[in-house]
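There are 2 protein chains.
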Amino acid sequence: MTDARLADLPTPCLLLDEAKMKCNINRLAKRADSFGVLLRPHLKTTKSVEAARYVLKDGNGPATVSTLAEAEAFAAVGINDIVYGVGIGLNKLDRVLDLHRAGCRLVVLLDSLVQAQAVAAASKAAEIAIPAMIEIDSDGHRSGLAPSDPELIKIGRTLHEDGAELHGVLCHAGDSYFAVGREAQSIYAEVERLAVVNSADALRAAGLPCPVVSVGSTPTAHAAKNLTGVTEMRAGVYVFFDLVMAGIEVCDVNDIALSVLTTVIGHQVKQGWALIDAGWMAMSRDRGTANQTVDQGYGLVCDEAGQLLVDLVVIQANQEHGIIAVRPGSGRSMPDLVLGTRLRILPNHACATAAQHQRYHVLPEHSDAPLMIWDRFAGW
Amino acid sequence: MTDARLADLPTPCLLLDEAKMKCNINRLAKRADSFGVLLRPHLKTTKSVEAARYVLKDGNGPATVSTLAEAEAFAAVGINDIVYGVGIGLNKLDRVLDLHRAGCRLVVLLDSLVQAQAVAAASKAAEIAIPAMIEIDSDGHRSGLAPSDPELIKIGRTLHEDGAELHGVLCHAGDSYFAVGREAQSIYAEVERLAVVNSADALRAAGLPCPVVSVGSTPTAHAAKNLTGVTEMRAGVYVFFDLVMAGIEVCDVNDIALSVLTTVIGHQVKQGWALIDAGWMAMSRDRGTANQTVDQGYGLVCDEAGQLLVDLVVIQANQEHGIIAVRPGSGRSMPDLVLGTRLRILPNHACATAAQHQRYHVLPEHSDAPLMIWDRFAGW
Numbered sequence: 004m005t006d007a008r009l010a011d012l013p014t015p016c017l018l019l020d021e022a023k024m025k026c027n028i029n030r031l032a033k034r035a036d037s038f039g040v041l042l043r044p045h046l047k048t049t050k051s052v053e054a055a056r057y058v059l060k061d062g063n064g065p066a067t068v069s070t071l072a073e074a075e076a077f078a079a080v081g082i083n084d085i086v087y088g089v090g091i092g093l094n095k096l097d098r099v100l101d102l103h104r105a106g107c108r109l110v111v112l113l114d115s116l117v118q119a120q121a122v123a124a125a126s127k128a129a130e131i132a133i134p135a136m137i138e139i140d141s142d143g144h145r146s147g148l149a150p151s152d153p154e155l156i157k158i159g160r161t162l163h164e165d166g167a168e169l170h171g172v173l174c175h176a177g178d179s180y181f182a183v184g185r186e187a188q189s190i191y192a193e194v195e196r197l198a199v200v201n202s203a204d205a206l207r208a209a210g211l212p213c214p215v216v217s218v219g220s221t222p223t224a225h226a227a228k229n230l231t232g233v234t235e236m237r238a239g240v241y242v243f244f245d246l247v248m249a250g251i252e253v254c255d256v257n258d259i260a261l262s263v264l265t266t267v268i269g270h271q272v273k274q275g276w277a278l279i280d281a282g283w284m285a286m287s288r289d290r291g292t293a294n295q296t297v298d299q300g301y302g303l304v305c306d307e308a309g310q311l312l313v314d315l316v317v318i319q320a321n322q323e324h325g326i327i328a329v330r331p332g333s334g335r336s337m338p339d340l341v342l343g344t345r346l347r348i349l350p351n352h353a354c355a356t357a358a359q360h361q362r363y364h365v366l367p368e369h370s371d372a373p374l375m376i377w378d379r380f381a382g383w
Numbered sequence: 004m005t006d007a008r009l010a011d012l013p014t015p016c017l018l019l020d021e022a023k024m025k026c027n028i029n030r031l032a033k034r035a036d037s038f039g040v041l042l043r044p045h046l047k048t049t050k051s052v053e054a055a056r057y058v059l060k061d062g063n064g065p066a067t068v069s070t071l072a073e074a075e076a077f078a079a080v081g082i083n084d085i086v087y088g089v090g091i092g093l094n095k096l097d098r099v100l101d102l103h104r105a106g107c108r109l110v111v112l113l114d115s116l117v118q119a120q121a122v123a124a125a126s127k128a129a130e131i132a133i134p135a136m137i138e139i140d141s142d143g144h145r146s147g148l149a150p151s152d153p154e155l156i157k158i159g160r161t162l163h164e165d166g167a168e169l170h171g172v173l174c175h176a177g178d179s180y181f182a183v184g185r186e187a188q189s190i191y192a193e194v195e196r197l198a199v200v201n202s203a204d205a206l207r208a209a210g211l212p213c214p215v216v217s218v219g220s221t222p223t224a225h226a227a228k229n230l231t232g233v234t235e236m237r238a239g240v241y242v243f244f245d246l247v248m249a250g251i252e253v254c255d256v257n258d259i260a261l262s263v264l265t266t267v268i269g270h271q272v273k274q275g276w277a278l279i280d281a282g283w284m285a286m287s288r289d290r291g292t293a294n295q296t297v298d299q300g301y302g303l304v305c306d307e308a309g310q311l312l313v314d315l316v317v318i319q320a321n322q323e324h325g326i327i328a329v330r331p332g333s334g335r336s337m338p339d340l341v342l343g344t345r346l347r348i349l350p351n352h353a354c355a356t357a358a359q360h361q362r363y364h365v366l367p368e369h370s371d372a373p374l375m376i377w378d379r380f381a382g383w
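Chains Z and P, in that order, give the protein sequences. Take 4 as the starting number for the first sequence in this note's numbering and just add one per residue. Take 4 as the starting number for the second sequence in this note's numbering and just add one per residue.
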């Protein structure tokens, strides 16, 4: 299959543009370097060992994951410095300990005394000090303590004194995904920074260690102006980018490295529709641009070579059907997309679209190199 | 793993209630029998050989699929009477022929002369008369010819005379998913019936065969009052049911056989939130109830035993976080869902939620029987 050419690929399938991906990876790596902070990429977007090798330029870490299944898959190939960036479930501590026994330093995340007590107790029982970070909330997005919450010190002390390891504090400015433009996003970045830096200061003032101060989201990582006091930043979707990120001006549409290859399978001429074999099963149900300034439907349409077909949008999707039409109000007419025409669809949300597929078909940076197949993994 | 108990399952994971599934299957099977029409279940919802064995009570068919990957997986276990219910791509005919050579009678679907010519040419070249159905559109939902379209006869004649097999006509009243209640849905069913029956009559009047007249969607299959002239009906999501189907009164919430098992991993007390480890990766991004009378968010909440917790809704989802809150305006207060509490979430759309998972954990009808694991397959 490594000798397959783009023209031979079955449809729908997932395409990845190696050159664009490398460019996106380098852009944020340089930015992190310029601030002197560690970049800890989030591997939940790619879920692929081969892609992780591009993202983790220094080899076996540092990395972030969103599931223990990711941690286990990456640990199995030697990646050994991982933050599990979702609040730890009390039913997951056995698997965390197994990862440590297998040589992977997995850091867990928590925001309550009950979790801290459970992590400390599990650490003590196993004689493995599980490293834990305290999650801080800067924007009311979902989980985490307010920086001023008095529980912070109690949690820190429990971890530090009862058998676990107080590794640091972590914040994710999830609401930055709704801020348009670098100036607006830089405010989220500063609020995110202050939340963790103030929390770290509070822990240290209480005599507790706080070696790691971690911030991150793709928008804030690209917009931050000041990272004083921060030791590392995390981001995930920047590796591929997508229409949601383009819609808030973190990237350009042409930076998007991920697309779905599809074939025209029908028409409704009176409606001005072309039907394609990429429905929501191939694109995901993510409609992340629905509330942005420009709604991109289920994706923007490119020709097979990746050139954008301006104002063509996947306006609707069923399980295995997509409907392409001219953007309402654009005044353009529908091009002649004859049956069998092959197109690429740019996704709203790369994490969601990639998760609908079992593998990447990687278009090589050097056009004489063979197309590569990279498996993805899934599950929890 | 077959000795696992519900209480031991890792979270998030996909649960299937065997007793409810059997009840749903029997309900529609009886209905089809009462009309004297064949039921051709759509296996795109389940994508599981074990589930197919429950649905296909007569063994190896008849069945409907939405991808060639489904056809290939089911053909590999002997299921040999399959309609591929998505307009055939010109790039997929080799795989169709391979399925025939392997003993699976796969029927393709088309709505254009170009497709008919390609199917006829491929049939002639391979000396295998590919059976093809002409897709008819009754409601402007997506693909298919209007019943009165003069292309119908040309397409039928091309199939019949140039090497393929004219198998019949097929219609899917996709817009019936937006009709509430049996009376409204029965109108869609009648329009769907008339579309195919009139098309079949037109083909026969032109001297062409039309042995199969196929209708179907889960709402119309449950609501049709008259199926005169129809030979078979198709439906898929009825096997599991979901909140979208409950929202349009095709089923009751208590009929839903599919759910996602999850664990409470955090709280935001001031917001009235409980956080769970089922985000959109476990539930899918499907928000099919968003435009229904009652928006069910990312799903309704049950306790671990499956009892509905009234007015608790998954109001928001990130990749691996769900947020549970009391339904706005309900006046209820948030119950005390302590860390580690296990819950079940009922999905908006069973096809989409199931597709996020690699296997079913099947809760047996008889409580002393072991929990079963059924693998799902994916891809195209």
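Every residue gets a Cβ at the ideal spot worked out from N, C-alpha and C, and that includes glycine.
Distance check for residue j and residue i, CA to CA, integer angstroms please.
| i | j | result |
| --- | --- | --- |
| residue 193(Z) | residue 227(Z) | 7 Å |
| residue 200(Z) | residue 27(Z) | 28 Å |
| residue 245(Z) | residue 261(Z) | 8 Å |
| residue 283(Z) | residue 243(Z) | 19 Å |
| residue 367(Z) | residue 84(Z) | 29 Å |
| residue 314(Z) | residue 328(Z) | 8 Å |
| residue 239(P) | residue 255(P) | 17 Å |
| residue 417(P) | residue 191(Z) | Since the first residue shown for chain P is 4 and the last is 383, residue 417(P) is missing from the structure and cannot be characterised. |
| residue 213(P) | residue 170(P) | 6 Å |
| residue 4(P) | residue 376(P) | Any reading at residue 4(P) must be qualified, since the residue scores a pLDDT of 42, below 50, and its modelled position is unreliable; no value is offered. |
| residue 268(Z) | residue 44(Z) | 39 Å |
| residue 288(P) | residue 355(P) | 8 Å |
| residue 336(Z) | residue 348(Z) | 19 Å |
| residue 102(Z) | residue 108(Z) | 7 Å |
| residue 247(P) | residue 365(P) | 22 Å |
Any C-beta of chain Z sitting closer than 7 Å to the C-beta of residue i?
| i | result |
| --- | --- |
| residue 356(P) | no |
| residue 195(P) | no |
| residue 300(P) | no |
| residue 4(P) | Low confidence applies here, because residue 4(P) scores a pLDDT of 42, under 50, leaving its location unreliable and the question unanswered by this model. |
| residue 49(P) | no |
Could you please give the first and the last residue of the uninterrupted beta strand (DSSP E) stretch that includes residue i?
| i | result |
| --- | --- |
| residue 103(P) | Note, residue 103(P): premise wrong, no beta strand (DSSP E); alpha helix (DSSP H) at 96–104. |
| residue 126(P) | That residue, residue 126(P), is in no beta strand (DSSP E); its alpha helix (DSSP H) goes 116–129. |
Applying a beta-carbon distance threshold of less than 8 Å, which residues of chain P neighbour residue i?
| i | result |
| --- | --- |
| residue 16(Z) | 383 |
| residue 89(Z) | 268, 280, 323 and 324 |
| residue 262(Z) | What residue 262(Z) touches in chain P: nothing, since even the nearest Cβ is about 15 Å away. |
So which residues of chain Z does residue i contact, with C-beta pairs closer than 7 Å?
| i | result |
| --- | --- |
| residue 93(P) | 342 and 343 |
| residue 289(P) | 288 |
With 7 Å set as the bound, which would you pick, yes or no: does the beta-carbon of residue i sit closer than that to a beta-carbon of chain P?
| i | result |
| --- | --- |
| residue 323(Z) | yes |
| residue 207(Z) | no |
Residue i touches chain P at which residues, Cβ-Cβ below 9 Å?
| i | result |
| --- | --- |
| residue 361(Z) | 381 and 382 |
| residue 284(Z) | 47, 69, 70, 354, 355, 358, 381 and 383 |
Between which two residues does the alpha helix (DSSP H) containing residue i stretch?
| i | result |
| --- | --- |
| residue 196(P) | 185–208 |
| residue 26(Z) | 21–38 |
| residue 156(Z) | 154–164 |
| residue 134(P) | First-last for residue 134(P): 134–139, but that is the beta strand (DSSP E), not the alpha helix (DSSP H). |
| residue 384(P) | For residue 384(P) there is no data in the structure shown, the boundaries of chain P being 4 and 383. |
| residue 356(Z) | 353–357 |
| residue 56(P) | 52–58 |
| residue 283(P) | 283–286 |
Run down chain Z in chain order and give the residues with a C-beta less than 8 Å from the C-beta of residue i.
| i | result |
| --- | --- |
| residue 177(P) | 321 |
| residue 313(P) | Going along chain Z, no residue has its Cβ under 8 Å from residue 313(P), so there is no contact; the nearest lies around 24 Å. |
Note down, in chain order, every chain P residue with its Cβ under 7 Å from the Cβ of residue i.
| i | result |
| --- | --- |
| residue 8(Z) | In chain order: nothing, as chain P lies at least about 13 Å away. |
Using a cut-off of 9 Å between C-beta atoms, extract the partners of residue i located in chain Z.
| i | result |
| --- | --- |
| residue 145(P) | 269, 271, 276, 278, 319, 321, 324 and 326 |
Give a yes or no on whether 7 Å exceeds the smallest Cβ distance from residue i to chain B.
| i | result |
| --- | --- |
| residue 126(P) | The structure shown contains no chain B; its protein chains are Z and P. |
For this session: Give, in chain order, every residue of the region 106–122 of chain P whose Cβ lies closer than 9 Å to some Cβ of chain Z.
Result: Listed in sequence order: 113, 114, 115, 117, 118 and 121.
Problem set entry | chain Z contacts from the region 11–36 of chain P (Cβ-Cβ distance under 8 Å) | From the region 11–36 of chain P, only 13, 14, 15 and 16 have a Cβ closer than 8 Å to chain Z.
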